[in-house]
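What follows is a short report on a single structure.
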Ligand SMILES: *Cc1c(COP(=O)(O)O)cnc(C)c1O
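Spelled out as structure tokens, the structure:
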């Protein structure tokens with residue numbers, strides 16, 4: 006079977022060379038935009054592309070306000086700052102995520118709390134979230150308090166794993182009931198929709214990433230999506246050293262971040278945005294091919310949930326057990342086809358080992374059995 010799989014993947018990508026998990030593709034527009042920043046000298050904090058890229062993302066996602074940052078982790082850090090996360094707070098997220106989600110929480114002086122994933126979405130499970138809160142939390146006025154530690158549970162950060170939207174309606178309802186701010190980690194889900202709304206536009210704030218392996222790239226980059234104009238303006242202010250605009254005076258009114266995306270990176274982003282609809286089409290076609298190939302096999306293709314129109318950023322299969330997973334990883338990688346296990350669960354990393362957590366049975370099961378398979382868009 007896995008021998009057939011490597012042949013199948015090679016037939017898709019039409020190459021005998023190494024096949025990466027996800028590689029970016031660039032065209033003439035990318036080259037001319039980047040060259041333009043060099044020729045005009047506007048490679049850094051001044052230039053037209055940052056604004057243009059932000060407006061493009063707003064148009065595409067229908068977010069009221071998008072603010073570009075140096076990377077997705079910085080966008081998450083900013084989103085949590087804007088959500089009012091304070092030193093000593095708790096922030097609920099998934100154990101099944103990329104480490105950046107938890108790093109950003111840690112950078113705020115807060116601690117992540119790990120709640121189980123949903124089998125259907127691979128993201129934060131609303132049932133597990135609600136039962137964690139009912140068991141462990143109480144409301145004190147408009148604050149959600151963790152009963153045992155008396156810490157404030159300030160925010161929840163669901164992550165749309167591989168571009169599959171979590172159950173946002175349910176999660177949003179629970180967050181409202183418990184006075185917890187909803188911040189979406191939409192780093193992997195540009196082009197993914199939940200019941201017709203772009204992921205990242207349901208929470209109060211969200212973060213996108215344009216790292217080299219994401220669906221579009223700016224080299225390094227990220228974006229904060231804000232649910233209101235006012236928050237958007239504050240977000241821009243805080244990411245740009247909190248400088249009060251003036252033709253020549255330096256005046257800053259709070260300790261700000263230097264998280265602004267350089268014009269050079271935004272120039273690449275503007276060109277990539279033009280190709281995003283094509284990438285999404287190509288990735289859906291690839292997912293269709295994989296779905297058909299794995300039908301009736303020992304590998305379960307990870308498909309989009311009913312409520313989600315996914316970008317299929319990274320395709321994945323679930324193996325029968327950990328042994329089958331290891332065999333698949335070994336066979337494909339030694340055949341020059343990059344396949345990867347999912348991230349180790351966050352509570353197994355030394356810096357997050359002591360964090361509070363609920364039952365993580367589904368996360369453990371997915372961690373043991375999931376393999377990502379090559380997912381670069383294919384030009385046919
Ligand atoms: C890529 C990613 C980020 C952000 O990563 P950066 O490399 O900082 O842009 C955050 N969370 C998740 C889940 C990601 O996959």
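Numbering (the numbering used here), first residue to last: 6 to 385. All residues carry an ideal CB built from backbone N, CA and C; glycine is no exception. Just so it is clear, the structure is predicted and the values come from calculations on it, not from any experiment.
Annotated three-state conformation of residue 190 is strand, per DSSP.
Inclusion of residue 193 and residue 210 in the CB contact set at 7 Å is not warranted, their separation being larger than that value.
Residue 195 and residue 204 have their C-alpha atoms roughly 7 Å apart. Taking the CA atoms as reference points, residue 10 sits about 27 Å from residue 170. In the DSSP assignment, no residue is bridged to residue 9. Of 320, 91, 208 and 318, the smallest CA-CA separation from residue 229 is found for 208. Scanning its chain for C-beta atoms nearer than 7 Å, with the 5 sequence neighbours on each side dropped, one finds around residue 289 the residues 317, in chain order. In its chain, beyond the 5 residues on either side, 203, 205, 206 and 230 have a beta carbon closer than 7 Å to the beta carbon of residue 66.
Between ligand 1 and residue 190, a heavy atom-to-CB distance of less than 6 Å is present.
In this structure, the straight-line span from the alpha carbon of residue 139 to that of residue 304 is close to 36 Å.
Residue 105 has its CB nearer than 6 Å to a heavy atom of ligand 1. By a beta-carbon distance limit of 8 Å, residue 55 contacts residue 73. Their separation comes to about 5 Å. Residues of the same chain with a CB within less than 6 Å of the CB of residue 365, apart from the 5 flanking positions on each side, are 100 and 121 in chain order. Going by beta carbons, residue 27 and residue 218 fall inside the 7 Å limit.
Counting only the Cα atoms, residue 227 lies some 4 Å from residue 214. In this structure, residue 113 has its beta carbon at no less than 6 Å from each heavy atom of ligand 1. Pairing residue 39 with residue 273 gives a Cβ-Cβ distance under 7 Å. Straight-line spacing of the CA atoms in residue 296 and residue 367 works out to 22 Å. Residue 306 and residue 126 have their C-alpha atoms spaced approximately 13 Å apart. Judged by DSSP secondary structure, residue 182 falls within the alpha helix (DSSP H) whose first and last residues are 173-182. Every unbroken stretch of the beta strand (DSSP E) spanning 3 or more residues and falling wholly within the segment 265-324 is given here in chain order: 320-323. For a cut-off of 8 Å, the C-beta gap from residue 266 to residue 222 is around 12 Å, too long to register as a contact.
In this structure, residue 74 has its beta carbon at no less than 6 Å from each heavy atom of ligand 1. The bridge partners DSSP lists for residue 119 are 98 and 362. Annotation for residue 256: 249 place their beta carbon closer than 6 Å to its own, counting only its chain and skipping 5 residues before and after.
Between residue 158 and residue 97 the beta-carbon gap is near 6 Å, inside 8 Å, which marks them as a contact.
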